[in-house]
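Positions in the sequence shown are counted from 1; adding 97 to them yields the working numbering.
For glycine and all other residues, C-beta sits at the position ideal for the given N, C-alpha and C.
Everything numeric in this text was worked out from a predicted model, so none of it was measured.
One structure is given here, and the rest of the page talks about it.
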Amino acid sequence: MRIVEMKVHSIAIADPPLRSSYGLHAPYALRTIVELESEDGVTGISETHGGDGIAQAFQNLRRQVIGGDAYRLAGRLLPMVEADAPAENLDRSQTYHVPGENPLDEAARLYSAIEIACLDLIGKSVRVPVCDLLGGRARSEVPFSAYAFYKHTGGGGEAGDARQDQYGEALTPQALVKQVQQMFDTYGFREIKLKAGVLDPGLEIETVRHLYSHFGKSVPIRLDPNCAWSVDTSVKIGEALRDELGNGGYLEDPAAGLTGMAEVRKKLLAAAVEMPLASNVAVTSFADLPEAISRDAVQIVLCDPHYWGGIQQVQHLGKICHTFGIGLSMHSN
Numbered sequence: 098m099r100i101v102e103m104k105v106h107s108i109a110i111a112d113p114p115l116r117s118s119y120g121l122h123a124p125y126a127l128r129t130i131v132e133l134e135s136e137d138g139v140t141g142i143s144e145t146h147g148g149d150g151i152a153q154a155f156q157n158l159r160r161q162v163i164g165g166d167a168y169r170l171a172g173r174l175l176p177m178v179e180a181d182a183p184a185e186n187l188d189r190s191q192t193y194h195v196p197g198e199n200p201l202d203e204a205a206r207l208y209s210a211i212e213i214a215c216l217d218l219i220g221k222s223v224r225v226p227v228c229d230l231l232g233g234r235a236r237s238e239v240p241f242s243a244y245a246f247y248k249h250t251g252g253g254g255e256a257g258d259a260r261q262d263q264y265g266e267a268l269t270p271q272a273l274v275k276q277v278q279q280m281f282d283t284y285g286f287r288e289i290k291l292k293a294g295v296l297d298p299g300l301e302i303e304t305v306r307h308l309y310s311h312f313g314k315s316v317p318i319r320l321d322p323n324c325a326w327s328v329d330t331s332v333k334i335g336e337a338l339r340d341e342l343g344n345g346g347y348l349e350d351p352a353a354g355l356t357g358m359a360e361v362r363k364k365l366l367a368a369a370v371e372m373p374l375a376s377n378v379a380v381t382s383f384a385d386l387p388e389a390i391s392r393d394a395v396q397i398v399l400c401d402p403h404y405w406g407g408i409q410q411v412q413h414l415g416k417i418c419h420t421f422g423i424g425l426s427m428h429s430n
């Protein structure tokens with residue numbers, strides 16, 4: 098199944114003024130769409146992070162992609178990911194990088210987009226879903242979380258492209274409850290992830306308590322400050338929210354790095370708080386796993402296929418996590 102064309106589309110998606118410890122979203126979020134076309138006219142697509150840098154990196158791969166066989170291309174390009182393992186003292190994690198901007202995982206992000214586009218192309222050509230190419234459907238349903246943010250007024254975009262503000266300002270606990278209820282009513286979510294590390298920790302604790310009171314203990318709540326808190330603040334918040342973040346909830350990347358995560362875990366256990374710590378920041382490659390496991394720093398890995406090198410690499414990750422009793426979930430990027 099020979100590939101005769103690769104098209105790379107840089108797109109900007111209107112993004113509201115959402116708050117995180119990285120700064121303010123808006124007016125746009127950047128993404129890259131990759132299309133691989135076969136000699137039979139079938140097209141496979143994939144998505145990854147955006148920006149001029151990664152768009153040019155795809156163009157630099159054209160010679161290796163055009164003319165390749167979709168069945169074999171991913172295997173032929175796999176060494177570019179395996180050679181991308183970080184050298185000693187080089188940090189491939191996202192701890193000190195905006196997602197998608199760590200140069201040490203660029204090869205994995207390039208490879209994953211090509212692998213997924215190849216799988217999509219093959220699946221369309223033989224008329225089976227990609228899951229069947231990977232061994233078959235593992236489940237019939239996958240729950241998604243409502244992703245709640247503290248937010249300023251505005252719907253994203255700018256000038257003549259400014260979008261309608263569907264949710265309004267949300268900078269208080271009551272406004273966050275309203276925002277999440279609107280998401281539940283519109284999309285049918287039954288789980289909540291709250292982006293924290295933005296306002297005073299006490300106010301963020303109050304927000305979680307309002308959500309818990311309004312939606313009840315059957316709705317899991319996950320709290321993600323993107324490493325904005327110190328170890329001590331993380332422990333205090335974990336102790337304060339031991340009930341609210343229970344029953345399928347967790348604390349995501351409260352403190353920076355595996356050292357910070359391991360210390361938070363140790364202190365929470367000492368305080369008799371059995372609260373899982375999740376991460377898509379401290380653990381983003383196979384090289385991170387030995388230390389994360391030996392130090393009990395992460396109990397749930399939140400994986401992004403583009404960080405890990407594609408869907409098939411995530412399958413390998415799943416087996417490792419199962420072996421060591423670590424939870425695995427898909428992240429949102």
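Contacts around residue i, its chain only, beta-carbon distance under 6 Å, and the 5 residues preceding and following it disregarded
i    : result
A184 : Confidence is the limiting factor: at A184 the pLDDT is only 49, short of 50, which leaves the residue's position unreliable, though a coordinate-based value still follows. Excluding residues within five positions, none has a Cβ falling inside 6 Å.
G254 : A111, P124 and R260
V328 : A352, G357, E360 and V361
Q389 : At residue 389 the sequence reads Ala, which differs from the Gln that was named. Same-chain partners within the cutoff: L355, V380 and V395.
T304 : P270 and L273
S331 : P351, A352 and V361
Assigned exposure category for residue i - 16 Cβ within 10 Å defines buried
i    : result
I108 : exposed
N377 : buried
L366 : exposed
T283 : exposed
Q412 : exposed
G257 : exposed
D401 : buried
S143 : buried
R319 : buried
S237 : exposed
Q150 : It should be noted that the sequence gives Gly, not Gln, for residue 150. Exposed, by the Cβ-count rule.
E301 : buried
For residue j and residue i, believed in contact at Cβ under 8 Å, the rounded distance
i    : j    : result
T129 : V162 : Not a contact, Cβ separation roughly 14 Å.
L273 : H307 : 7 Å
S382 : D229 : With a Cβ gap of about 28 Å, S382 and D229 do not count as contacting.
S117 : K292 : 5 Å
P114 : G251 : 5 Å
H146 : H403 : 7 Å
I100 : G164 : 7 Å
Interface flag, residue i vs chain B, CB-CB below 7 Å
i    : result
G232 : The structure shown has no chain B; it contains just one protein chain.
Cut-off 8 Å between Cβ atoms - residues of its own chain near residue i, not counting five sequence neighbours on either side
i    : result
R159 : M103
P226 : G220 and R234
C418 : V398, G424 and L425
Contact set for residue i: own chain, Cβ-Cβ below 7 Å, skip 5 residues either direction
i    : result
G406 : V178, A205, Y208 and S209
Y309 : I318 and E341
F286 : F241, S242, A243 and M280
Subject >> Continuous beta strand (DSSP E) assignments of at least 3 residues falling wholly in the segment 242–284 >> reply: Those beta strand (DSSP E) runs which fall completely within the segment 242–284 and span 3+ residues are 243–245.
Subject >> Whole runs of the alpha helix (DSSP H) within the segment 334–392, excluding any shorter than 4 residues >> reply: Here the runs fully enclosed are 354–367 and 386–391.
Subject >> Inside the segment 200–230 only - beta strand (DSSP E) runs reaching at least 3 residues >> reply: Counting only runs of 3 or more, we get nothing.
**OP:** With a floor of 3 residues, list each beta strand (DSSP E) that falls wholly inside the segment 102–135, ordered by position along the chain.
**Re:** For the segment 102–135, the continuous beta strand (DSSP E) assignments of 3+ residues that do not extend past its boundaries occur at 125–135, in sequence order.
Subject >> Validate contact between the segment 165–172 and the segment 337–350 using beta carbons, cut 8 Å, 3 pairs >> reply: Touching, no, given that fewer than three Cβ pairs across the two stretches are closer than 8 Å.
Original post:
Should the segment 113–122 be regarded as contacting the segment 132–146, the criterion being three or more beta carbon pairs within less than 8 Å?
Top reply: Result no; under three Cβ-Cβ pairs closer than 8 Å.
Original post:
Is the segment 275–289 in contact with the segment 230–246, if contact means three or more CB pairs nearer than 8 Å?
Top reply: Contact check between the segment 275–289 and the segment 230–246: three or more CB pairs, one atom from each, fall below 8 Å, which counts as touching.
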